[in-house]
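Peer 1: My questions all concern the structure below.
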Amino acid sequence: MAGRLNLWRWVVLGLAALYFLVPLAASVIFTVDVPGEGITFDAYTQIVSADGFTSSLVLSLELAAATIAVVLLLMVPAMVALRLGAPRLRPVVEVICSLPLVVPPIAFVAGIATVLKWGPDYLSRTPLFETFVAIQNPSFPFILVLAYVVMALPFVYRALDSGLRAIDVKTLVEAARSCGANWPQALVRTVLPNLRGALLNASFLTLALVLGEFTVAQLLGFQPFAVWIYSVGGSNAQLSVAVSVLSLVVTWALLLTLAGVGGRDKTASSRG
Amino acid sequence: MTATLTRADVGAAASVKRRRRVPSWIAVVPLLAFVAVAFGVPAIAMLNGAFTVKNQTTGATSYSTANLTESLKGAYLTALIGSVKLSALAGALGTLLGLPLAQVVVTSRFRALREAVLTASGVLANFGGVPLAFAFVATLGNAGVLTTHLGLKDKGWDLYSFWGLVLVYLYFLIPLMVLTITPALEGLRTQWREAAQNNGATGVQYWRHVALPVLLPSLLGGFVLLFGSAFAAYATAAAMVGSSIPLVTLQIADAISGNVLVGQENVALALSLDMVLVAGLVMAVYLPLQRRSARWLDA
Amino acid sequence: MTVSPPRNAVLGGSLAVVAALALSACGAAPTNSSTTADGKNAATATSVADFGGMAALVKAAKKEGTLHIIAVPRDWANYGAIIDGFTKKYGIKITDENPDGSSQDEINAVTSRKGQDRAPDVLDLGSSFALSAAQQGLLAPYKVASFDQIPEGQKDPKGQWFNDYGGYISIGCDAKRVKTCPTTFADLLKPQYKGQVALNGNPTKSGSAFGGVYAAALASKGSFDDIQPGLDFFAKLKKNGNYTPVESTPATVEKGETPISIDWDYLNAGYADEFKSKGVDWKVSIPSDGQYAQYYSQAINKDAPHPAAARLWQEYLYSAEGQNLWLKGYARPALMTSMESAGTLDKTAAAKLPKVSGTPAFPTEAQQSKAKTVIAQGWAKAVSG
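Residue numbers (the numbering used here), protein chains in the order written: chain A, 4 to 275; chain B, 11 to 309; chain C, 517 to 901.
Have a look at this one:
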């Protein structure tokens, strides 16, 4: 039976490896092997100088940084407060953070587009008009940050929830307070360091979400990274596939580091 | 040694009382306010628009369910059916293929393999959209690497078809399944297997009578999650097939961009509402199933 | 020793920050304020005369300094040379957004960005889309200097849109990947072209794809009044497995994703030139059974952020220089007949145009609207197989 099991194991793993690795390998070959020119790495060397690569990547990173900042600023105090003294609000927050899962991004952006149309249609003579325009500023569209924070809520909730479950927040804060710390000090110096793994988890998940987000950005008419890859695909197939492969590898690397750091953190806190 | 209460002490005591009276829920208010604006307003706009009908000639708007009925007819119905078919099939395949993979990984002796696969699944489950589509086009498209080297076109292969999309969707559905079912698989106690063997059951019988019934809620929950994920997917399909395969997400995108017929935006909102209802159904089925399986595994 | 509750302080502080940010981004829509020499608003100028002459127009446009165009690929009818020519002549920077966008995308940009500085200034739309835009009241009336020389029926009487260049629907084919290139619509149905036939987009959004379906209708015994046979043709194409939903772009042509592309003759001819050096042998032929010609139309956004530059762009496009640049891109400029009699036509470029017999006829506004409705309702069903 062990023999049969071994064969079964190898077959399953082999097929899985084939299915998941072949498209990546083929993409790399596609970018490198140009018919008529032989093997060239032009697609990769051209990436940095490609028109729009840096600007769209920087825009995506800026959006990600803003999203992470806003979502953590909103969620961390709320989750800690839930643990400390408002248990009845827990189901409310849980439902709120699961709502974005029920509204697919495409439906969400349909709603956002409708709201944005109110600007020029109804609000052009009110002060709100400029706000509407300002959040759609193409060099930093804050409207995207608003949308991405909502989309990241479910992941951040789960990450922070599991992180908070593992530590005894009440005791930590009480101990800190009894040592003379005030609230901000208690939070920042006792609770947050213990949440480091969960915070990193939430941050990286949000980063991956924002870097790969396409639907909302494209339909609202902005050009962060994923939208740029798509539009470049119309004129330069090799370049867009090369960038796609790179973006996957980079996201992989980021999340692997997260897993590494998070794992180390777990063992550290269990020892300490 | 009793000190008289000084003004400062009273002040401190009073301030402690004042401090205690600041309720903790105040820290939740910013979150609630933000969600109300960033999520609530678009949601209300969607609901409002889905039920609003604008008379083309008079320009008067009125509330009616005409948009919803319109969204279930003709091209829109084709798109809804197409999406449901695609999601159901991709979800079913993802479940069937993800289970053995998860099983092999969980029961493996090498912890490194387990960690690597679980991390990879975490990445791949979120890897959809444009890069995935382009990778598959480069591999199996009309001029893809595999297509040309293996002569697949002569054998009738077409990536830009229903089955092609299923193949691409599985790339993020199978990892999602692996992530979902692994906790359940890890909850399968070895004692159960030993007990079954002691009673003379074969491997197949063990699976049929012990393991699968226990796993069923998780499997169903996983299928439902995969269905929801495939149903909501937009970027992958848009980057691959443009808008020529009938999918409700592509249809909504077309209508948001303003279809040829003016006034289709409200039908787009009605379609979005349809999607939310389907996703809501998905959640309504998934959450109880998940709790059920959690109960079994914690017991 | 009272310490005010820090939580309140944090809340108060953040509220103040939010309020400051919000207030700084507050204000009503700015009114367009670029004026012409005699005080008239550039946004309502309907001809060069309103500006007081070409020099005044150039001055006003240079003051604005930028022009926003949209959905203009550089290799589309030699637009790249036109953009460079304009910038070189007047020093006005041109930002080209979303080059692969469709005509419908251009209209959306206008409606969704009304009043914003990033709205497009000028539009180049498929004729049926220009009609919709005019009906929606999005376009500014403007008559270029050579407006009278544009043939009747190719311009809006009020000047909201006017045809710029056109071509015929053609079948482009990669001779290296396809053994015998198809030359008619009937050929496309043959089983040897499985999975190879592509359109330049989605006919509900893209002017060229719309033209492709119209041409297929004409080839299948339809007429300008009846585009349904075109839908049926593509349904049959999909059923045979010949139709691939990939939208043809320069990248897909180069890589071979779309070995056969139904597209404008000027685009296909342009690809033949562009990719010859890359080893792609791209052949172009105008199908004899379905000859459909269509012109694209220029239009100015009524709420253009740079109205003077937009009007100067139009004047440039309708000068002999602009029209001849389009001719170099294998497109037939609208002023072709008048330029030929005036002797300003680039004869060598004209000789290189793909050969076609007969004179083109165009569907009327009513016929086009009807066709658009039929396509909107039937396209998804037809190609979902």
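Idealized CB from N, CA, C, for every residue including glycine.
1) Looking only at its chain, what residues have a beta carbon closer than 7 Å to the beta carbon of V295(B), apart from the 5 residues adjacent to it on each side?
2) Using alpha carbons as the reference points, say which of T71(B), G139(B), R218(B), G161(B) lies closest to A248(B).
3) Out of curiosity, what's the CA-to-CA distance linking D621(C) and A820(C)?
4) Closer than 8 Å, CB to CB, is G17(A) near chain B or not?
5) Under a CB-based cut-off of 8 Å, is V248(A) close to chain B?
6) Hey, would you say G682(C) sits closer than 8 Å to Y811(C), going by beta carbons?
7) Is the Cβ of Y233(A) closer than 8 Å to any Cβ of chain B?
8) Does any CB atom of chain A fall closer than 8 Å to the CB of I91(B)?
9) Name the DSSP beta bridge partners of W677(C), please?
10) Can you pull the chain C residues whose beta carbon is under 7 Å from the beta carbon of V253(A), in chain order?
11) With a threshold of 8 Å between beta carbons, is Q236(A) in contact with chain C?
12) Give me the Cα-Cα distance between G161(B) and L21(A), rounded to the nearest whole angstrom.
13) Look at L307(A) and M293(B) and say whether their C-beta atoms are less than 8 Å apart.
14) Nearest-angstrom Cα distance between G217(A) and L869(C)?
15) With a 10 Å radius around its C-beta and 16 neighbouring C-beta atoms as the bar for buried, classify L222(B) as buried or exposed.
16) Would you mind sorting C182(A) into buried or exposed? The rule is 16 or more other CB atoms within 10 Å of its CB.
17) Buried or exposed: V899(C), going by 16 or more other Cβ atoms within 10 Å of its Cβ?
18) Between S722(C) and chain A, is the shortest Cβ-Cβ distance under 8 Å, so that the two count as touching?
19) Examine chain C for any beta-carbon lying closer than 8 Å to the beta-carbon of N269(B), and answer yes or no.
20) Check each candidate in V47(B), K163(B), L177(B), V51(B) and name the one with the smallest Cα separation from R693(C).
21) When DSSP labels each residue in this structure, what does C697(C) get in the three-state scheme?
22) Pair every Cβ in the region 755 to 764 of chain C with every Cβ in the region 648 to 659 of chain C, then say whether three or more of these pairs are closer than 8 Å.
23) Could you confirm whether any beta carbon from chain B is found closer than 8 Å to the beta carbon of A113(A)?
24) Taking CB distances under 8 Å as the criterion, tell me whether K120(A) reaches chain C.
25) Residues of chain C with CB closer than 8 Å to the CB of I255(B), please, in chain order.
26) Using 10 angstroms around the beta-carbon of V168(A), count the other beta-carbons present and answer buried if the total reaches 16, otherwise exposed.
27) So, under 8 Å CB-CB, L704(C) and S764(C) are touching, yes? Tell me the CB distance rounded to an integer number of Å.
28) Label A116(A) either buried or exposed according to how many other C-beta atoms from any shown protein chain fall within 10 Å of its C-beta, with 16 as the threshold for buried.
29) According to DSSP, is I610(C) helix, strand or coil?
30) When the Cβ atoms of the region 769 to 789 of chain C are set against those of the region 684 to 691 of chain C, are three or more pairs found closer than 8 Å?
31) Under 8 Å by Cβ, that's how I've got V38(B) and L198(A) pegged, so tell me the actual separation to the nearest angstrom.
32) What separation, rounded to the nearest whole angstrom, lies between the Cα atoms of Q884(C) and C697(C)?
33) Compare the Cα-Cα distances from F144(B) to each of V136(A), L249(A), A67(A) and report the closest residue.
34) How would you list, in chain order, the residues of chain A whose beta-carbon sits under 8 Å from the beta-carbon of G154(B)?
35) So is Q708(C) buried or exposed if we call it buried at 16+ other beta carbons inside 10 Å?
36) Go through its chain and collect everything with a Cβ distance to A767(C)'s Cβ below 7 Å, but skip five positions before and after it.
Peer 2: Looking at the atomic coordinates:
1) V234
2) G139(B)
3) Spanning the two alpha carbons is a distance of roughly 16 Å.
4) no
5) yes
6) yes
7) yes
8) no
9) A815(C)
10) In chain order: nothing, as chain C lies at least about 23 Å away.
11) One detail in the question is off: residue 236(A) reads as Gly in this sequence, not Gln. So, interface residue.
12) 19 Å
13) Only positions 4 to 275 of chain A appear in this structure, which leaves residue 307(A) out of reach.
14) The residue you asked about is not Gly; residue 217(A) is Phe in the sequence shown. Looking at the two C-alpha atoms, the distance is approximately 40 Å.
15) The Cβ neighbour count for L222(B), taken over all protein chains shown within 10 Å, is under 16; the residue is labelled exposed.
16) Counting of Cβ neighbours within 10 angstroms places C182(A) among the exposed residues, the total staying below 16.
17) Around the Cβ of V899(C), a 10 Å sphere holds 16 or more other Cβ atoms; the residue is buried.
18) no
19) Because N269(B) sits at a pLDDT of 48, beneath the cut-off of 50, its placement in the model cannot be relied upon, and the following sentence gives the value as read from the coordinates. For N269(B), the closest Cβ of chain C is nearer than 8 Å.
20) K163(B)
21) coil
22) no
23) Yes - at least one Cβ of chain B is within 8 Å of the one on A113(A).
24) At least one chain C Cβ lies under 8 Å of K120(A).
25) P761, S900
26) According to the sequence shown, residue 168(A) is Arg rather than Val. That one is exposed.
27) About 14 Å separates the two Cβ atoms, so there is no contact after all.
28) buried
29) Correct three-state label for I610(C): strand.
30) yes
31) V38(B) to L198(A), Cβ: 17 Å. No contact.
32) Taking the CA atoms as reference points, Q884(C) sits about 31 Å from C697(C).
33) Distance check between F144(B) and each of V136(A), L249(A), A67(A) places L249(A) closest, using alpha-carbon atoms only.
34) Residues of chain A passing the Cβ test: A29, F33.
35) exposed
36) none
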